[in-house]
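Colleague: I'd like to ask you about the structure that follows.
Numbering (my numbering), first residue to last: 280 to 546.
In structure tokens:
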């Protein structure tokens, strides 16, 4: 069975069941989609308003590491964000993204399988290149520091990692994939799709966290959610409502200055 480019696993669909979004839900999402005509308006005031709103959404996005597990994610919010995400650019319009969303019993099966596997072996995640290791160390110090976990607190760090396998308690767990037969250049399209989806969710009051660690057990994810072999698993995505007073959800993670990442040439 080939997965569609979007599949949602839920507790009503059985172990391998996939629930497709209805036309009514798609129509409902159009009501909350961005009004492109307004954004393209030549009126200066309307353009400024649209830019300001977009800037606010981008600046509001955070990597959320603790969610309210009992606060469900409205399907209409997910559909609205997906309507925007599918407009993302891709190489020759190949639209190489494939997203599997698990909730309810399907999510619980995945979490259980990941936790069990994590007790037997380490995830297969490529190490960060030495030239960029300093960024990882700085983020780790900031993150664990906000949680009161010291460098020598091995048990505290293990608990934090176990929360990762639980999708930080988010009620909706996403798995981002792309066809194996495509090339690295096509992963750019998946990245733009994912970012657009995340910003669409942010605009609707939802939090997210991209999880590279989830891809460390691709065989477990694939078997549990019955993802076909011709898809490569790129990352996980936690989706839900953030616990606002959780310290790690309010980190101001530094970014490189523009001069370090962009060059303007005029000669």
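Just so it is clear, CB atoms sit at the ideal spot from N, CA and C, and this is done for glycine as well.
Only a predicted model underlies this, so the values are computations on that prediction, with no experimental measurement involved.
(1) For residue 410 versus residue 423, is the C-beta spacing smaller than 9 Å?
(2) Run through DSSP, which three-state label would residue 435 get?
(3) In the DSSP output, what is residue 377 paired with across the bridge?
(4) Would you decide whether residue 408 is buried or exposed? Buried here means 16 or more other CB atoms lie within 10 Å of its CB.
(5) Check whether the region 411 to 422 and the region 501 to 513 are in contact - that is, three or more C-beta pairs closer than 8 Å.
(6) Apart from the five residues just before and just after residue 397, which ones in its own chain have a Cβ nearer than 7 Å to its Cβ?
(7) Determine the DSSP secondary structure at residue 520, reduced to helix, strand or coil.
(8) For residue 370, which residues from the same chain have a beta carbon less than 8 Å from its beta carbon, with the 5 sequence-adjacent residues on both sides left out?
(9) My parser needs the beta strand (DSSP E) runs of 3 or more residues fully inside the region 470 to 495; what are they?
(10) Can you check DSSP and say which residues form a bridge with residue 346?
(11) Distance, Cα to Cα, residue 323 vs residue 501?
(12) Output the boundary residues of the alpha helix (DSSP H) element that contains residue 382.
(13) Identify, in the order they occur along the chain, each residue of the same chain with its Cβ nearer than 8 Å to the Cβ of residue 316, setting aside the five sequence neighbours on each side.
(14) Which whole-angstrom value is the C-beta distance of residue 405 and residue 496, which I expect to be below 8 Å?
(15) If you measure between the beta carbons of residue 506 and residue 451, is that distance less than 9 Å?
(16) Considering only DSSP beta bridges, list what residue 389 is partnered with.
(17) Which residues share a DSSP beta bridge with residue 512?
(18) To which residues of the same chain is residue 460 closer than 8 Å at the C-beta, ignoring the five residues directly before and after it?
(19) Does the separation of the CB atoms of residue 352 and residue 485 fall below 9 Å?
(20) Residue 392: which of 440, 476, 367, 504 sits nearest, CA to CA?
(21) In three-state DSSP terms, what is residue 248?
Modeller: According to the structure data:
(1) no
(2) helix
(3) 456
(4) exposed
(5) no
(6) 444
(7) coil
(8) 464, 465, 467, 468
(9) 486 to 490
(10) 521
(11) Per-residue confidence for residue 323 stands at a pLDDT of 48, beneath the threshold of 50, marking its modelled position as unreliable; the derived number appears in the next sentence. Cα-Cα distance, rounded: 49 Å.
(12) That residue, residue 382, is in no alpha helix (DSSP H); it is neither H nor E in DSSP.
(13) Interpretation of residue 316 is limited by its pLDDT of 45, a score under 50 that renders its predicted location unreliable; the figure taken from the coordinates is listed afterwards. Cβ neighbours of residue 316 beyond the five flanking positions: none.
(14) About 14 Å; that fails the 8 Å criterion.
(15) no
(16) BP columns for residue 389 are empty, so no partner.
(17) 456
(18) 509
(19) yes
(20) 504
(21) Look at the range of the chain in this structure, 280 to 546, and you will see that residue 248 is not part of it.
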